[in-house]
Each structure stands twice: as structure tokens, then as C-alpha cells.
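Chains A and B are the protein sequences, given in the same order. Take 1 as the starting number for the first sequence in the UniProt record's numbering and just add one per residue. Take 1 as the starting number for the second sequence in the UniProt record's numbering and just add one per residue. Worksheet: one structure, shown below.
There are 2 protein chains.
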Amino acid sequence: MSDLEKVLATIDADMDGALERLFATLRLKSISTDPDYAAETRACAEWHAKDLAEIGFEASVRDTAGHPMVVGHQRDGSGPSVLFYGHYDVQPVDPLELWENDPFDPKIITRPDGSKMLVGRGTADDKGQLMTFVEACRAWKKVTGKLPIPVTILLEGEEESGGVNLPPFLDANLEELRADYALICDTNMWDKATPAITTSLRGLCGEEIVVRAADRDLHSGFYGSAASNPNHILARILADLHDDTGRVTLAGFYDGVPELPESLKESWAKLDFDPAEFLGEVGLSVPAGEEGRSVLEMTWSRPTAEVNGMGGGYQGAGFKTVIPAEAHAKVSFRLVFDQDPHKVRAAFRDHVKARIPADCSVEFHEHGSGTAVAFDTSGPAFQKAQGALTDEWGKDAAFVGGGGSIPVTTLIKTKLGVDVVMVGFGLADDRIHSPNEKYELESFHKGIRSWARILAALAE
Amino acid sequence: MSDLEKVLATIDADMDGALERLFATLRLKSISTDPDYAAETRACAEWHAKDLAEIGFEASVRDTAGHPMVVGHQRDGSGPSVLFYGHYDVQPVDPLELWENDPFDPKIITRPDGSKMLVGRGTADDKGQLMTFVEACRAWKKVTGKLPIPVTILLEGEEESGGVNLPPFLDANLEELRADYALICDTNMWDKATPAITTSLRGLCGEEIVVRAADRDLHSGFYGSAASNPNHILARILADLHDDTGRVTLAGFYDGVPELPESLKESWAKLDFDPAEFLGEVGLSVPAGEEGRSVLEMTWSRPTAEVNGMGGGYQGAGFKTVIPAEAHAKVSFRLVFDQDPHKVRAAFRDHVKARIPADCSVEFHEHGSGTAVAFDTSGPAFQKAQGALTDEWGKDAAFVGGGGSIPVTTLIKTKLGVDVVMVGFGLADDRIHSPNEKYELESFHKGIRSWARILAALAE
Numbered sequence: 001m002s003d004l005e006k007v008l009a010t011i012d013a014d015m016d017g018a019l020e021r022l023f024a025t026l027r028l029k030s031i032s033t034d035p036d037y038a039a040e041t042r043a044c045a046e047w048h049a050k051d052l053a054e055i056g057f058e059a060s061v062r063d064t065a066g067h068p069m070v071v072g073h074q075r076d077g078s079g080p081s082v083l084f085y086g087h088y089d090v091q092p093v094d095p096l097e098l099w100e101n102d103p104f105d106p107k108i109i110t111r112p113d114g115s116k117m118l119v120g121r122g123t124a125d126d127k128g129q130l131m132t133f134v135e136a137c138r139a140w141k142k143v144t145g146k147l148p149i150p151v152t153i154l155l156e157g158e159e160e161s162g163g164v165n166l167p168p169f170l171d172a173n174l175e176e177l178r179a180d181y182a183l184i185c186d187t188n189m190w191d192k193a194t195p196a197i198t199t200s201l202r203g204l205c206g207e208e209i210v211v212r213a214a215d216r217d218l219h220s221g222f223y224g225s226a227a228s229n230p231n232h233i234l235a236r237i238l239a240d241l242h243d244d245t246g247r248v249t250l251a252g253f254y255d256g257v258p259e260l261p262e263s264l265k266e267s268w269a270k271l272d273f274d275p276a277e278f279l280g281e282v283g284l285s286v287p288a289g290e291e292g293r294s295v296l297e298m299t300w301s302r303p304t305a306e307v308n309g310m311g312g313g314y315q316g317a318g319f320k321t322v323i324p325a326e327a328h329a330k331v332s333f334r335l336v337f338d339q340d341p342h343k344v345r346a347a348f349r350d351h352v353k354a355r356i357p358a359d360c361s362v363e364f365h366e367h368g369s370g371t372a373v374a375f376d377t378s379g380p381a382f383q384k385a386q387g388a389l390t391d392e393w394g395k396d397a398a399f400v401g402g403g404g405s406i407p408v409t410t411l412i413k414t415k416l417g418v419d420v421v422m423v424g425f426g427l428a429d430d431r432i433h434s435p436n437e438k439y440e441l442e443s444f445h446k447g448i449r450s451w452a453r454i455l456a457a458l459a460e
Numbered sequence: 001m002s003d004l005e006k007v008l009a010t011i012d013a014d015m016d017g018a019l020e021r022l023f024a025t026l027r028l029k030s031i032s033t034d035p036d037y038a039a040e041t042r043a044c045a046e047w048h049a050k051d052l053a054e055i056g057f058e059a060s061v062r063d064t065a066g067h068p069m070v071v072g073h074q075r076d077g078s079g080p081s082v083l084f085y086g087h088y089d090v091q092p093v094d095p096l097e098l099w100e101n102d103p104f105d106p107k108i109i110t111r112p113d114g115s116k117m118l119v120g121r122g123t124a125d126d127k128g129q130l131m132t133f134v135e136a137c138r139a140w141k142k143v144t145g146k147l148p149i150p151v152t153i154l155l156e157g158e159e160e161s162g163g164v165n166l167p168p169f170l171d172a173n174l175e176e177l178r179a180d181y182a183l184i185c186d187t188n189m190w191d192k193a194t195p196a197i198t199t200s201l202r203g204l205c206g207e208e209i210v211v212r213a214a215d216r217d218l219h220s221g222f223y224g225s226a227a228s229n230p231n232h233i234l235a236r237i238l239a240d241l242h243d244d245t246g247r248v249t250l251a252g253f254y255d256g257v258p259e260l261p262e263s264l265k266e267s268w269a270k271l272d273f274d275p276a277e278f279l280g281e282v283g284l285s286v287p288a289g290e291e292g293r294s295v296l297e298m299t300w301s302r303p304t305a306e307v308n309g310m311g312g313g314y315q316g317a318g319f320k321t322v323i324p325a326e327a328h329a330k331v332s333f334r335l336v337f338d339q340d341p342h343k344v345r346a347a348f349r350d351h352v353k354a355r356i357p358a359d360c361s362v363e364f365h366e367h368g369s370g371t372a373v374a375f376d377t378s379g380p381a382f383q384k385a386q387g388a389l390t391d392e393w394g395k396d397a398a399f400v401g402g403g404g405s406i407p408v409t410t411l412i413k414t415k416l417g418v419d420v421v422m423v424g425f426g427l428a429d430d431r432i433h434s435p436n437e438k439y440e441l442e443s444f445h446k447g448i449r450s451w452a453r454i455l456a457a458l459a460e
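Structure follows, in C-alpha cells:
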């Protein structure tokens, strides 16, 4: 029996212990956005530091201007070093009445078909996921007394509340955290049978605008058509963001947006993805975006412009014939490849200004910007991780794109200059950020086994 | 001294008495929209019936399903009969803290320049205005023992709260209320030196739409561009309502919209109207509507489409990358001449439906419809009233358009089949419906004298 086989057997034998430890951290209400839970959030950090120390990590709770970080090192083994990132904080739980169980009293629920899920806040996002990696380390230590490669673990306590203290923490501790690769466990599988490595994430450029016309609300009977109506101006600005073919009209928007590499295109084509099913699950059927692009392209590799919120004038019950003094919108752009968020923001502002009448004005508010990240999947870490996942799940692990943005990935890539291998065992129906969050018991169990295999593979 | 001269002298001599009577009705809190004031609203109706009876009217309080009407008749005199309409109910007074005086304790305030105003709820809208007509009748009776022409007075108690009981009341009492002309005192002067007769009012077609796409809010990172965004659909619908020249694009929208008669065009051109000042007062400077149309045309004789309210997605502080499940808008059309509100509504719905993707839906809610009214100012009642006003104010009385809609005018025109002469002495700065409502003492005094002259002129 090889070391890996022994490690996997140990994992299987110790599932009760692993669940007990997971439930211990799940019971701690580490709601980072709510100051009332600051003490319990710190208690959760301390729990993780103690847990890491028990596995032999040189672990500590590290203060920041907000909630603390947890850092643990094991300088064992040779081969490439890795930095693992996870977060121990969770989302708030309201509306509490929609939960079928106490969100902080985790349970194992057995479904009629015999499958089991773990329910509770943080089961999937991210305590359950981060513990898959920790438990894999624990098993390696138990069996061989050491880890296959040097490992640093960084657990953040503010991922769900802005994460403003992460960049300065990385800057201040660059040497300590440096590694050959980074690993993150905060993403999903392709489907419940198919493991996935997320190899690209889109960037983001968020912008809020307030269009102002008259210095007060006006009666539309007396002023209508003579006075500029901010609702009309805003509708024009927003409608003009896309042309008839669904392309974004901003000047230079597609600069730095190449066609997909053929290899990735082929790999995506092989995925068992049904656009009708994807849209059908949310009650839709017609892809709305760029003509001639597949739904996977639209959501993974093409840039988008979305109006996330807009409003102006009377929105209550009944009717008021008002011309409002102002109207507002929040618009976000998802960016890919080498699109520059600052150039996109400037082009958007030019687009807006060109549509503001001479006697009206507009105010701009910046809401975040981040560039896209995409990793070269031919690199050894991606190939080894893919092989390990395929071995565990008996099905080819997929390289997938991510439509959203995970700021820490960009930060690590930028500040530490390393590739980030994003492997996660969540499923699309895990209800993260919502009531009745769950995580499959199989995700937890095979997730631990997957990381045990990946650690072995990276050492080779 | 002619009878008219004696009447005018009597009015001047009895101003203290007229103010005392006006203040008596102003002190009654006839807030029709608030059930807590139902008894006081009825008390106000009773006060007016008693007051009319004292002048010799055969007056009664007439029950409806809501607040009562007051009806008074004097069958004196010969010549054309008139139906005078006013309303004794008032708007609510909140926010009370913005009032400089108790809204129901009316006062005369003398300004530094010596001019005087009456302050309190209802001074301008409509108790002060309706009492100008009542006091003119009182003076005629006092001097000559009769009125120059047969007069019926109808006072409504629900003008500020929907007026739903007026149409059935008119229907049920058509014969009793029938007259050769109707008079309404609920409009404004052109400016404080220039009396005006409002000869047209725009109609209204109000419509609310709710655009629905996915069956829940979506994350714009995961679904952006692939899933229909109701904000985009709505922006397109609303932006497409106008073309580049400011014309409304609905099919057939301008059917029944002729060019202005030359005589009215000339009369408007003579008005001392400065578009820059009109817009400047509210912080604007560039007319926004149809190219090649004057501001008076835009607000009086051209139809308009205004988005009074719209909203969709996240409108709170900060940012949420959501694709909302729905977005909504309230749109009103001001109609002129023979435009048919039902056809306009149908054309709008077609316009909307044509822009709803196959997998999305739209819900329509009707919010009122009324046709425009416009009277032929060459008719004798208009000419005589204009002459009487010109005599009183020493300045040519203007025929003006009204941008808003006064439902009772349309009702009387439709149900009784008579022309409505709208004469009022309010000013644009009277703050009706707002705290610190006022009415110029001069409006009240010369308003009474104006009606005394109009009654005489109509008898000729």
C-alpha cells in the first residue's frame, strides 16, 4: 500500500472526526459584516489556529485593522511550495425565518435517495471547503508524519465583508507568504459528478451615475416635454450601451479581447453543457447577449455590461405625474483577458457625458475595479491537479471559466506573481449567501481525498 | 350710477365681511382624503349651504356615497343660465412642521411692500376662489335684490380625493344642473397683473408596466449577457418612446393633433412669456421637447410622453451585481385636441410588446385616461368674460392653455354638453397642495369684482 493509499484509507476511517471538527467551526458565528459578532469571529480565527497547530502547523492569529487572519506553516517536504487560501467568515443569516434549521447548529440530512448533505451557514462557503484541504493535511501528517510539500495556509476573516485588509496584509508579509503556487478552495464542481479547475475569472468595473436636471421635482402637466426628464436621459444612456447585435458600444471596449484559444474552445465544447437547461432553470430560454456567441462564451470569456440597478421618479403605489429632479443607475462591466478597467470606466463616462443635455449634469461614483485573470492550463500545477482530480472522481476534471470575480485570486497573482489553482467542490444549488446553505457530504469526503491526491501529485 | 357700479362699490365696502365669511369656511378642516375629518368635511358643506341660503339660494346638502355635494339655485333674471363649479374640500397639511402658521387659522399677512396675502390651507385651492363667485352673487342680491342671470352653484367635497362620486351625481341630476354655460374658478391668472381664461386642458393617459425576465434575481457574474436583463429591456422601451427630434414614436400618436388655429397662435405670441425665465426658475435653460415647437406649444397644445417613474434592481447604498427579475415604469401621456386615450394606450402597449424578448413577459396597469378639452374662444361666453376681465384689470385678459388636466371640465363638457369658462385668480406661487398655501388679497378682492362684471356681461 502506497503512502497515498494509506492516507486515503485514513481519511475514510476518520470521517466522523472530520465532521466533528467541521461542525465545531460551523457553530461559531463568524459573521464578519456585523460588528455584534466581532468577538465570535475572532474566536473562530483562534479555533482554526489551534486546529492547525494540532496538525503541526506553526500557526498564529494575526491582527489586522479588521478581523484577524490565520496563518500556518509547515516547512516539511521538498518540491514546490504552495499557499492555500480560504476564508473562515460567513454571510449573515437573515431572513432567519426562511431557514429550516438553526443556521449555526449544523446537521447531516439524509435524503430519500440515501444521499447526505451538511446544512448550515458556512457549510459550502467556505468552512466546509477550506476544511477539505486542512483534513487532507491532517491525514498526510498522521500517516507519514509530514506533508508531501511545504504548505502555508492563509485564512481570511473578511471575505464576505469587503476584504479591505487583505491587500495590505499581503504587502506586509510577501516574503512569508511566497510560494510556487497558490491553491484556493472556494469554487464549484462542473456538476456533481465532474470535478473542475477554474482557470479564468472575469474582472469588474462598477460605476454609479446620478443624472440631474431641474433643481426640484416638477409637475409633468406643467413642464412636460419642455423640461428635461432625467428618466428619459438615463433610459437613452442605458439603452445605447448595447447595439442591435448585443455588442457593447463603448469606444475601445473590445480592445484586449482576443478570440478564445482553440484548445480551450475544444475543451469547453466537450463539456456536457445545455444552454436551454442553464437558462431554463431560472425560467428563461433565449440567450440575450452577443449574436453568434455561445452561452459559455457569454458568461466566461466575453465582456459584458449589465445595469444592476436603476431608478428615478415615483415608484410607489398608484401614480404621480412628476418629472423627477434626478435619476440614477448602477452599471457593472465584467472584463476579460487584457481589458483595462480604467479605460472602460473612462469610455463609459464619455458615453454618458455625450448624452447629458447642456443644462443637466451627471455625477459619477466608482464602485470597484479589477482586471480579469486567466491562467495557462498547460502549466505543471494545472496538469497535476487535473490528473489527481480525475483519479479521484473517475471522470475527466474540467477546466472551466468563472463568470464572476474572486478578488483574492487577482491579488495573489499580482502581488505574489504566482499561478492560482482554483479547485472547489461546491455545487450550483448549494444556496451560498441564502437561507438553508448546504454542502454535499460527498463533496466534503471526496474533496478531502482530492486534496490528498493533489498534494501527492504536486510533490512528484 | 349703474347697477354694476353700485355692486362694485358694495363689494369694496364689504371686504371685511367677505373675509370674515371666507375665514369661517377656511377654519373648517375639510380634508376629504382623511376619514378622520369626515364630520368636519360635512360641517363645511353645511356651512356653505347655509351661506348660500342666506343670499337667497335654494340650497341643500346632497348626500353621495362619499362626501356630500352642495347645490344652490337662484332662478332670478333672464338671459343664459350658468352652472358654477367649485370645491370646498382641501388637501392634507402634512408636513405640518413646515407651516409658518396654523393651516386652519387663516391670517392676512402684510408684506414689506404693503401687498397683502391670505395664508392657510384652502385660501387658493379652492375656498378662496369659489368664494369670489359667491361674494359677487351676494353683492348683486344686496344691490338689486336679484342676480343678473339664473345661477346654479355646485360645490364638490372630493375634488382632492379622486372625485369618484361626481360622475354619478351629474348623471343623476342632469336636468337640475343643466345650464347654458359652466363657470369654474380653480385656475390661475397669467401673471399677477394679467387675468386669464383657460380655454384648453390636456387629456391624460397613464400606464404602468412591469417587465419580467428570470423567475428570480440572478448574479450578473454568472448570468450576465446570457440572461435577459429587465433593466435593459425597460431602458430600450423608454428610450424608444421619442425620436431624435423629440417626437413621440408611437404609431398614430399624432392622429387628431392639428396645428394651432392662427388666431390662438397670435394671441399666445402676444403673451409676455419668456421661455428662458420659465425654465430658469427651476434651474434649466434648454427646452427639451419637440424641435421647432415653442415652450408654450410644448406645454399647452402638443401631446407629450413622460416617464414619471422607473426602477429595477438594486437601488440602495453601495453596489450589488444583480440582474433583477423585474423592472417597472410609470408613463403618462398628455393628450390634446381629438387624441383618443384608448388608442394611445393601445399603441403604447404595442410599442412595449414589440420590445419584450420571447422568454420575458410584461404586465400592464391602467392609471386613468381622459380626453383633452378645448373650447372655441370666439363663442359669446368667452368673449363677454374676456371683456369683463379686461375692464376690471385694465389689461387684456389672455386666453391660455392648461398643461394639466381638470377632470370636472371634461365631465361637464361631456355630460352637460356645454362650454366651460375657466376663470381663476390664483398665481403660480400660491403653493397649493404644499405648506404655507396663500392667496393674494388682491386676487380675492378683484376676483369678486371680476365675477360681478362677468355676471353682468353674460346678461347682456
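Here a beta-carbon is modelled for each residue, glycine too, at the ideal position from N, C-alpha and C.
Is the stretch 312 to 319 of chain B touching the stretch 338 to 355 of chain B in the sense that three or more CB pairs, one from each, lie closer than 8 Å?
Fewer than three pairs of CB atoms, one per stretch, sit closer than 8 Å, so the stretch 338 to 355 of chain B makes no contact with the stretch 312 to 319 of chain B.
Taking just the CA atoms, how far does K446 of chain A sit from D274 of chain A?
26 Å
Should T410 of chain B be listed as close to the ligand NAD, given that the test is whether its C-beta is under 7 Å from any heavy atom?
Among the components of this structure there are no ligands whatsoever, and the ligand NAD is therefore not found.
Give the list of continuous alpha helix (DSSP H) stretches no shorter than 4 residues that lie fully inside the stretch 402 to 435 of chain B.
407 to 416
is_contact[D359 of chain B, chain A] using C-beta, thresh 8 Å
yes
Reference D180 of chain A; option with closest CA among A:S378, A:P168, A:P150, A:G206:
Distances from the CA of D180 of chain A to each of A:S378, A:P168, A:P150, A:G206 were compared; the closest alpha carbon is that of A:P150.
Any contact between the stretch 157 to 175 of chain A and the stretch 96 to 116 of chain A? By contact I mean 3 or more CB pairs, one from each, below 8 Å.
no
Can you pull out the residues from the stretch 397 to 417 of chain B whose beta carbon lies closer than 7 Å to at least one beta carbon of chain A?
G403, G404, S405
Taking only three categories from DSSP, how would you classify F333 of chain B?
strand
Any contact between the stretch 26 to 34 of chain A and the stretch 78 to 94 of chain A? By contact I mean 3 or more CB pairs, one from each, below 8 Å.
Touching, yes, given that three or more Cβ pairs across the two stretches are closer than 8 Å.
In chain order, what residues of the same chain have a beta carbon less than 6 Å from the beta carbon of H67 of chain B, not counting five sequence neighbours either side?
S32, T41, G157, E158
Is the stretch 69 to 83 of chain A close to the stretch 196 to 207 of chain A, with three or more CB pairs under 8 Å?
no
Looking only at its own chain, which residues have a Cβ that is under 8 Å from the Cβ of G105 of chain A, when we skip the five neighbours before and after it?
Position check: residue 105 of chain A holds Asp in this sequence, whereas Gly was assumed. Only R27, G120 meet the Cβ criterion.
Under three-state DSSP, which class holds N101 of chain A?
coil
Can S369 of chain A and R345 of chain A be called in contact, C-beta distance under 8 Å?
In this structure, R345 of chain A lies closer than 8 Å to S369 of chain A by Cβ.
Could you tell me the distance, in whole angstroms, from the CA atom of V61 of chain A to the CA atom of S228 of chain B?
45 Å
Looking at the C-beta of E341 of chain B, does it have a partner C-beta in chain A at a distance below 8 Å?
A small fix is needed here, since residue 341 of chain B is Pro in this sequence, not Glu. So no, P341 of chain B is outside the interface.
Near F382 of chain A, which residues of its chain fall below 8 Å by C-beta distance, leaving aside the five closest residues on each side in sequence?
I197, T199, F375, D376, F399, D419, V421
For L441 of chain A, which beta-bridge partners are listed by DSSP?
Within the DSSP secondary-structure output, L441 of chain A pairs in no beta bridge.
Put H87 of chain A into one of helix, strand or coil per three-state DSSP.
strand
Anything in chain B within Cβ reach of R236 of chain A, meaning under 9 Å, just list it in chain order.
A235, L238, A239, H242
For A43 of chain A, tell me which candidate among A:D63, A:F57, A:E58, A:I55 has the shortest Cα-Cα distance.
A:D63
Which stretch, first to last residue, makes up the alpha helix (DSSP H) that contains L260 of chain A?
Here L260 of chain A belongs to no alpha helix (DSSP H), and DSSP marks it neither H nor E.
Given 8 Å as the limit, is there contact between the stretch 207 to 226 of chain B and the stretch 434 to 451 of chain B, that is, 3 or more CB pairs closer than that?
With the cut-off at 8 Å, the stretch 207 to 226 of chain B and the stretch 434 to 451 of chain B do not touch.
Proximal residues of chain A, C-beta to C-beta of I323 of chain B below 8 Å:
Residues of chain A passing the Cβ test: E306, N308.
Check each candidate in B:A18, B:Y85, B:H219, B:I356 and name the one with the smallest Cα separation from M69 of chain B.
B:Y85
The stretch 426 to 440 of chain A / the stretch 119 to 135 of chain A touching (three or more Cβ pairs under 8 Å):
yes
Neighbour list for K265 of chain B in chain A, Cβ cutoff strictly below 7 Å
Taking a Cβ-Cβ cut-off of 7 Å, K265 of chain B has no neighbours in chain A, whose nearest Cβ is about 17 Å from it.
Run through the stretch 315 to 394 of chain B for me and flag every whole alpha helix (DSSP H) of 4 or more residues, listed as ranges in chain order.
341 to 353, 380 to 393
Using 8 Å as the limit for Cβ to Cβ distance, is Q91 of chain A near chain E?
In summary, chain E is missing from the structure at hand, where the protein chains are A and B.
Which same chain residues end up closer than 8 Å to K252 of chain B when comparing Cβ atoms and leaving out the 5 residues on each side of it in sequence?
The sequence given here has Gly at residue 252 of chain B, not Lys. Counting only Cβ-Cβ distances below 8 Å, and skipping sequence neighbours, we find K343, A347.
Of all the options B:A329, B:D396, B:T409, which has the alpha carbon lying nearest to the alpha carbon of I233 of chain B?
B:A329
Would you mind reading off the limits of the alpha helix (DSSP H) that contains M15 of chain A?
Note, M15 of chain A: alpha helix (DSSP H), 15 to 26.
Contact set for A457 of chain A: own chain, Cβ-Cβ below 8 Å, skip 5 residues either direction:
K384, A385, G387, A388
Comparing alpha-carbon positions, which option in B:S78, B:A65, B:F222 lies nearest A172 of chain B?
Taking only the C-alpha atoms, the option nearest A172 of chain B is B:A65.
Counting contacts by CB-CB distance shorter than 8 Å, is Y314 of chain B in contact with chain A?
yes
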